[in-house]
Each structure stands twice: as C-alpha cells, then as structure tokens.
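Colleague: Handing you a structure now.
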Amino acid sequence: MVNGDINVTFWGVRGSRPVPGIHTIRFGGNTSCVQIQIGDRLFIFDAGSGIVDLGQYLLKKGKKISGEIFISHTHWDHIQGFPFFGPAFVKDNNFILYGQGKMNQTFANLMRGQMEYTHFPVSLEQMGAAIDFREVDSGHDIDLGDGIIVKTIHNNHPGGSISYRLEYGGKSCCYVTDNEHYDDLDLNICNFISGTDLVIIDTNYTDEEYLGTNGSFPRVGWGHSTWQEAIKLVKAAGLKKLALYHHDPFHTDSDMESIEQQARERYPDCFAAREGMSITL
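In our numbering, the protein residues as written are 1270 to 1550.
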C-alpha cells in the first residue's frame, strides 16, 4: 500500500570508508545508504556501512520485511554493509537487488564475492531471506508497480556507476553518486535530474582539493565531483532541493558546516546530508 509521500532518510553519507569518531559526530561517519519509503514500500539506495543501522531499525519493527535495493556500483563503500544487513538473514523476508555486472561477472557474483570465505565467514547462500538479483543497464526504466518508476543513467566513474531517479505521484528524487564532472556541463546528467524535487549528489571534494591547488595532490580522474560543480549542474537543471552527499572521509564536522554555508550562499535550497536526517517530498 502506498500514499502520496516520498520519505527520504539518510543512513550513510560518507564516501570511500567509514569514519567514526569525535570529528564526525554531527554529520556521521557511515558510508553510502539512503532509504526511500513510500507507504509500506521500501527502497534502499546503496549498501554501504549505513545499511547496518537501517537493518537494525527495520528489525525492531518486528514485521516481515520486503524491499528493493539499488546498488550504484560495487566499490567497497557502496556494498560493504550488506554482509551485516540483519533483515537479509531472516527467513520469509524478501529483497530484490538491482545493479550492474562488470568485467564478465554478473551483478550477483560481484555481490557474492565479498562474502566468500577468503573475505567473510558467512556466505551469501547462508542468508535466510529470499534474495533476487537483477541486472540493470543504463537508460532502462524499472517499473516497480503502484505507479513507482525508477530510471537509470550511466555515471562518469572508473569501472562504471549508475544513477537512479525514482518517480511517484508527480514527485521525484534522484540519487547521483560517484559521478565525476566534465570540463563542460554534462547535458546527459543535467537532463536526467531536470525538474526533480530532490537530488542527492556526489560532492566529495572542493574545487581546490580536486585540482590540487590547496597544497595537496590532485584528484582528477578519481571519479568524484565537487560541491561547486554540483551547484553549476543543478542550476542548469532547474531543480528544487540539493543534498550534498558522499562526503570526503577527511572532512570533519567543522569542514562540512563550512562547505554547507558556502554552498547555500550560491544555492540557498541546499544542505549537506547528515546521518539520521529525514525529508518528506
């Protein structure tokens, strides 16, 4: 059963690696995971370490859990929480995982690989829930029923990555992470996010960090963007609300507050995503 609201909750907002500690308390240190709830329909975007706490939250409800999980790509910070996702171990729970196979491996085998005994003591086959893996390709629309559609597009990221746009009831939310900007405006991504109510977007670096003009080494070609470039993109796309996301693990709470303040001076309807933050569209 669904209603007219798209409810978005951030469970992991970091990129690259988890960063627990006193310097990340306010924004959080878990890696990528966003929950979208529409009535009793559960959608999860990425399975970084944030999905572990989401799983415990869902288990406390004491109900059968069914949901769809959309994986942008299988780099560690986007899948490392799945082996610890409690609901996947419970019989009678059901999950459909969407993602992309690479390098002659299916998506299912890529997810299975991190749970082989060389890496983890419990295999994917030992999970008690019914788990169905489905291959996704860029440009394909996924009809999830109840009037819910998810659209896809390929990102500019080493090894590939996919962005998702969920649409329901005349509203939409875009999940655009691990996507490096080009020198010129990326019209494909611009059109993909055009008019959306909320875009959650990769803003891992500042321009200075990206170019290496801050006294450090450049990050060009590493597959991530900057908050300054994200604002250029969303202004061109004509959307409503912007969530800065995939925060650099070296950015402290103070760094993030400074970035958020600077970003709001250029685009007032934006915020830096925090763990536990919820938004209703």
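Every residue, glycine too, gets a C-beta built ideally from N, C-alpha and C.
Predicted model only: the values in this text are computed from it and were never measured.
1) If you compare alpha carbons, which of His1342, His1423 and Ala1541 is closest to cysteine 1459?
2) According to DSSP, is arginine 1535 part of a helix, a strand, or is it coil?
3) Grab me the residues of arginine 1535's own chain with a C-beta within less than 6 angstroms of its C-beta, minus the 5 sequence neighbours each way, in chain order.
4) Rounded to whole angstroms, how far is the Cβ of isoleucine 1307 from the Cβ of isoleucine 1275, which I believe are closer than 8 angstroms?
5) Could you give the uninterrupted runs of the alpha helix (DSSP H) lying entirely in the stretch 1487-1521, keeping only those of 4 residues or more?
6) Which residues does DSSP list as the beta-bridge partners of asparagine 1363?
7) Is the stretch 1449-1464 in contact with the stretch 1358-1378, if contact means three or more CB pairs nearer than 8 angstroms?
8) If you count every other CB in all the chains shown that lies within 10 Å of the CB of glutamate 1337, and 16 or more means buried, which is it?
9) From glutamine 1234 to isoleucine 1340, what does the alpha carbon distance come to, in whole angstroms?
10) Using a threshold of 8 angstroms, state whether the C-beta atoms of isoleucine 1418 and aspartate 1410 are closer than that.
11) What number of angstroms, rounded off, separates the C-alpha of phenylalanine 1351 from the C-alpha of tyrosine 1451?
12) Just mark glycine 1484 as buried or exposed, buried being the case when its beta carbon has 16 or more other beta carbons within 10 Å.
13) Using a Cβ-Cβ cutoff of less than 7 angstroms, which residues in the same chain neighbour glycine 1317 once the five nearest sequence positions on both sides are dropped?
14) Jot down the residue ranges of each uninterrupted alpha helix (DSSP H) in the stretch 1407-1468, minimum 4 residues, whole runs only, in chain order.
15) For serine 1430, I'd like the list of residues in its chain whose CB is within less than 7 angstroms of its CB, leaving aside the five on either flank, ordered along the chain.
Modeller: Answer, in terms of the structure:
1) Check the Cα spacing between cysteine 1459 and each of His1342, His1423 and Ala1541: the tightest is with His1423.
2) Three-state result, arginine 1535: helix.
3) Excluding residues within five positions, the ones whose Cβ falls inside 6 angstroms are Ile1500.
4) At roughly 6 angstroms, the Cβ-Cβ gap stays under 8 angstroms, so isoleucine 1307 and isoleucine 1275 are in contact.
5) Runs of the alpha helix (DSSP H) inside the stretch 1487-1521: 1496-1506.
6) Under DSSP, asparagine 1363 takes part in a beta bridge, and its partners are Ser1335 and Ala1399.
7) Contact between the stretch 1449-1464 and the stretch 1358-1378 is absent, with fewer than three C-beta pairs closer than 8 angstroms.
8) Here glutamate 1337 is buried. Its C-beta has 16 or more other C-beta atoms within 10 Å.
9) Limits of the chain in this structure are 1270 at one end and 1550 at the other, which puts residue 1234 out of reach.
10) Yes. Within cutoff.
11) If I take the Cα positions, the gap works out to 32 angstroms.
12) Only exposed fits glycine 1484, as fewer than 16 other CB atoms lie within 10 angstroms of its CB.
13) Once the five neighbours on either side are set aside, the close Cβ partners of glycine 1317 are Gly1281, Asn1299, Thr1300, Ser1301, Cys1302, Asp1346, His1347, Gln1349 and Gly1350.
14) Runs of the alpha helix (DSSP H) inside the stretch 1407-1468: 1456-1462.
15) Leaving aside the five residues that flank serine 1430 on each side, the residues in its chain whose CB is nearer than 7 angstroms to its CB run, in chain order, Ser1341, His1342, Asn1424, Asp1447 and Asn1448.
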